[in-house]
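When you read off a place in the sequence shown, starting at 1, and then add 1, the result is the number in the working numbering.
Down below is the structure, laid out as structure tokens.
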Amino acid sequence: MNIKYTDKKLMNILKIDRKTLECFKAIRKETIKEAEKLSVRKTKKIKILGISGSARAEHDMAREKSNSETLLEKCLKYCRDLGAETELIPLRDYSIKYCKSCYATVNTQCHFYCSCYPKNTPLGDDMTNTLYDKVLGADAIIFATPVNNFKISSLMGLFIDRCISLDGSLKPANPNSPKDKKLNAKHLEFIKLTADDNLPGSGFLRRFSGKVAGIITTGHEEGASMAISNLFMTLGHYGMIFPPFSNMYAMSSVCRSTNEDKKVVLNECYEKEADYLAKNVVKAVLMAKSVKPFQWKVDPTAN
């Protein structure tokens with residue numbers, strides 16, 4: 002439990018005026034309310050998102066459907082068979098701009114919603130306008146990516162990078178000048194002094210916390226383990242839950258031509274793996290219901 006500071010003490014330590022302090026306190030109050038809202042399930046039905054990072058489509062240049070997305074579709078179908086509501090998000094159909102790594106300047110330089118691409122403005126993109134809200138509404142997310150150059154796809158990388166705004170970020174202290182480094186640094190110090198371990202939203206708000214994750218990868222040769230490890234570590238630090246046997250990889254071989262991959266990676270064996278993955282994800286969501294998302298412990302002053 003942090004020391005309780007009077008307003009006068011906070012203003013003295015942070016070297017700020019009353020107006021700035023009240024602004025910081027208002028953001029804190031609003032974020033606590035957001036945490037309370039996110040902790041309440043709106044429906045009993047499980048909502049599962051399928052995020053496809055493949056650039057391949059049968060009506061585009063490739064003239065062939067994505068292998069990883071095909072397995073994701075099958076996995077989502079098995080989730081629906083278990084009573085879940087599902088939605089497939091092919092990232093190639095969305096405009097997602099690159100992350101500018103504002104958090105690396107100071108944690109509170111990165112905001113939610115992303116202030117680099119403000120929501121519902123000419124500068125906004127589909128990540129800010131649409132995809133953040135879809136993530137917030139999901140109980141589980143299954144990520145499917147091809148292995149591109151021994152790693153996740155560039156589309157999946159863009160999506161994951163931009164998800165940093167969901168991982169702790171707050172509203173800007175000054176909406177008219179959201180990248181005011183000096184002010185944002187003081188906001189960070191305010192969070193360090195006032196965040197309470199036992200009060201979700203009193204510090205940084207980790208919006209992925211308690212959501213269940215699954216991973217599907219496909220590829221022509223090596224790289225599945227690196228792609229899965231990349232997602233596993235990032236999503237784990239975002240606060241997602243991985244049930245046992247929550248990833249699968251369907252790989253062909255450098256000894257074959259790429260046109261032979263489909264009969265290898267889309268066979269009955271991997272369809273069964275997709276079924277098991279669906280069962281484990283749904284079971285994990287049901288188990289996770291006993292713990293509210295922000296009861297998972299993390300330092301509320303660190304992002």
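Every residue, glycine too, gets a C-beta built ideally from N, C-alpha and C.
In chain order, what residues of the same chain have a beta carbon less than 6 Å from the beta carbon of residue 73, not counting five sequence neighbours either side?
Here residue 73 refers to the residue found at position 72 when the sequence shown is read from its first residue. For residue 73, where only same-chain residues beyond five positions count, the Cβ hits under 6 Å are 51, 53, 145 and 217.
Is the beta carbon of residue 76 sitting closer than 9 Å to the one on residue 174?
For the purposes of this step, residue 76 is identified with residue 75 of the sequence shown, where counting begins at 1. For the purposes of this step, residue 174 is identified with residue 173 of the sequence shown, where counting begins at 1. Against a cut-off of 9 Å, the Cβ pair of residue 174 and residue 76 comes out as no contact.
Among the residues of its own chain, which have a CB less than 7 Å from the CB of residue 111, if the five just before and after it don't count?
Walking along the sequence shown from the start, residue 111 turns up at place 110. Around residue 111: 103, 104, 165, 166 and 170.
Going by other Cβ atoms of all chains shown within 10 Å of its Cβ, with 16 needed for buried, is residue 7 buried or exposed?
Working through the sequence shown from its first residue, we reach residue 7 at position 6. Result: exposed.
I'd like the span of the beta strand (DSSP E) that includes residue 90, first residue to last.
Residue numbering aside, residue 90 sits at position 89 when the sequence shown is read from its first letter. Residue 90 -> beta strand (DSSP E) spans 86-91.
Could you give the first and the last residue of the continuous alpha helix (DSSP H) run that contains residue 231?
By one-based count along the sequence shown, residue 231 stands at place 230. From DSSP, the alpha helix (DSSP H) with residue 231 extends over 225-239.
Along the alpha helix (DSSP H) that carries residue 157, what are the first and last residues, could you check?
Taking the sequence shown and counting its residues from 1, one reaches residue 157 at position 156. It spans 155-163 - the alpha helix (DSSP H) in which residue 157 sits, taken as one unbroken run.
Assuming residue 47 and residue 255 make a contact with CB atoms under 8 Å, what is their CB distance in whole Å?
Here residue 47 refers to the residue found at position 46 when the sequence shown is read from its first residue. Here residue 255 refers to the residue found at position 254 when the sequence shown is read from its first residue. In fact, because the Cβ distance is near 39 Å, the residues do not count as touching under 8 Å.
With DSSP as the reference, please indicate the residues paired to residue 191 in a beta bridge.
What you label residue 191 is simply residue 190 of the sequence shown in a count that begins at 1. Paired residues: none, contrary to the question.
What beta strand (DSSP E) runs, 3 residues minimum, are completely inside the region 48-112?
48-53 and 86-91
Reduced DSSP secondary structure (H/G/I, E/B, other) of residue 302
Along the sequence shown, read from residue 1 onward, the residue named residue 302 stands at position 301. Reduced to three states, the DSSP call for residue 302 is coil.
I need the straight-line Cα distance from residue 298 to residue 61, nearest angstrom please.
Along the sequence shown, one-based indexing puts residue 298 at 297. Along the sequence shown, one-based indexing puts residue 61 at 60. Taking the straight line joining both Cα atoms gives about 45 Å.
Provide the residue span of the alpha helix (DSSP H) that contains residue 249, from first to last.
Here the question's residue 249 lines up with position 248 in the sequence shown. First-last for residue 249: 248-252, but that is the beta strand (DSSP E), not the alpha helix (DSSP H).
Return the chain-ordered list of same chain residues with a C-beta closer than 7 Å to the C-beta of residue 156, the five sequence neighbours on each side being excluded.
In the sequence shown, counting from the first residue as 1, residue 156 sits at position 155. Hits under 7 Å: 54, 56, 92 and 93.
Look at the Cβ atom of residue 143, then the Cβ atom of residue 49, and state whether they are nearer than 9 Å.
The count along the sequence shown starts at 1 and reaches residue 143 at position 142. The count along the sequence shown starts at 1 and reaches residue 49 at position 48. In this structure, residue 49 lies closer than 9 Å to residue 143 by Cβ.
Cβ-Cβ distance between residue 275 and residue 83 below 9 Å:
Numbered from 1 along the sequence shown, position 274 holds the residue referred to as residue 275. Numbered from 1 along the sequence shown, position 82 holds the residue referred to as residue 83. No. Outside cutoff.
Note down the Cα distance separating residue 1 from residue 113, rounded to an integer number of angstroms.
For residue 1 there is no data in the structure shown, the boundaries of the chain being 2 and 304.
Leaving out the 5 sequence neighbours to the left and right, which residues in its chain are closer than 8 Å to residue 31 when beta-carbon positions are compared?
Here residue 31 corresponds to residue number 30 of the sequence shown, with the count starting at 1. Same-chain partners within the cutoff: 172.
How would you call residue 115, buried or exposed, if buried means at least 16 neighbouring beta carbons within 10 angstroms?
Residue 115 sits at position 114 when you count from the first residue of the sequence shown. Counting Cβ neighbours within 10 Å, residue 115 comes out buried, since at least 16 surround it.
Backbone CA spacing between residue 42 and residue 36 [nearest angstrom]:
On the sequence shown, residue 42 is found 41 positions in, with the first residue counted as 1. On the sequence shown, residue 36 is found 35 positions in, with the first residue counted as 1. Taking the straight line from one Cα to the other gives about 12 Å.
Between the Cα of residue 13 and the Cα atoms of 191, 292, 244 and 233, which residue gives the shortest distance?
Here residue 13 refers to the residue found at position 12 of the sequence shown. Nearest C-alpha to residue 13: 191.
Beta-carbon contacts of residue 95 that lie in its chain and below 6 Å, excluding the five residues immediately before and after:
Translated into the one-based positions of the sequence shown, residue 95 becomes position 94. For residue 95, where only same-chain residues beyond five positions count, the Cβ hits under 6 Å are 127.
When you compare only the Cα positions, how much space is there between residue 27 and residue 220?
Taking the first residue of the sequence shown as 1, we reach residue 27 at position 26. Taking the first residue of the sequence shown as 1, we reach residue 220 at position 219. Distance between the alpha carbons of residue 27 and residue 220 is about 48 Å.
Residue range of the unbroken alpha helix (DSSP H) whose run includes residue 28:
As a first step, residue 28 must be located in the sequence shown, where it is residue number 27. Unbroken alpha helix (DSSP H) run through residue 28: 19-39.
Just how far apart, CA to CA, sit residue 18 and residue 140?
By 1-based counting over the sequence shown, the position of residue 18 is 17. By 1-based counting over the sequence shown, the position of residue 140 is 139. Residue 18 and residue 140: Cα-Cα distance of roughly 41 Å.
Report, in whole angstroms, the separation of the C-beta atoms of residue 158 and residue 209, which I expect to be a contact under 8 Å.
Your numbering for residue 158 matches position 157 in the sequence shown. Your numbering for residue 209 matches position 208 in the sequence shown. About 17 Å separates the two Cβ atoms, so there is no contact after all.
Please decide whether residue 100 counts as near chain C, where near means a Cβ-Cβ distance under 9 Å.
Absent from the structure is chain C; it holds one protein chain and no more.
Under three-state DSSP, which class holds residue 14?
Taking the sequence shown and counting its residues from 1, one reaches residue 14 at position 13. Residue 14 carries a helical assignment under DSSP once its states are collapsed to helix, strand and coil.
Proximity winner among 67, 212, 16 and 5, relative to residue 39 (alpha-carbon distances)
Position 38 of the sequence shown, counted from the start, is the residue given in the question as residue 39. Of 67, 212, 16 and 5, the residue nearest in Cα terms is 212.
N-terminal and C-terminal residue of the alpha helix (DSSP H) that residue 283 is part of:
Residue numbering aside, residue 283 sits at position 282 when the sequence shown is read from its first letter. Residues 269-289.
Buried or exposed: where does residue 2 fall if 16 or more other Cβ atoms within 10 Å of its Cβ makes it buried?
For this step, residue 2 is matched to residue 1 along the sequence shown. Low per-residue confidence applies at residue 2: pLDDT is 48, beneath 50, and the placement is therefore not dependable, though the value from the model is reported in the following sentence. Exposed, because fewer than 16 other Cβ atoms sit within 10 Å of the Cβ of residue 2.
Considering just the uninterrupted stretch of the beta strand (DSSP E) at residue 213, what are its terminal residues?
In the sequence shown, counting from the first residue as 1, residue 213 sits at position 212. Taken as a continuous stretch (DSSP letters only), the beta strand (DSSP E) holding residue 213 covers 213-220.
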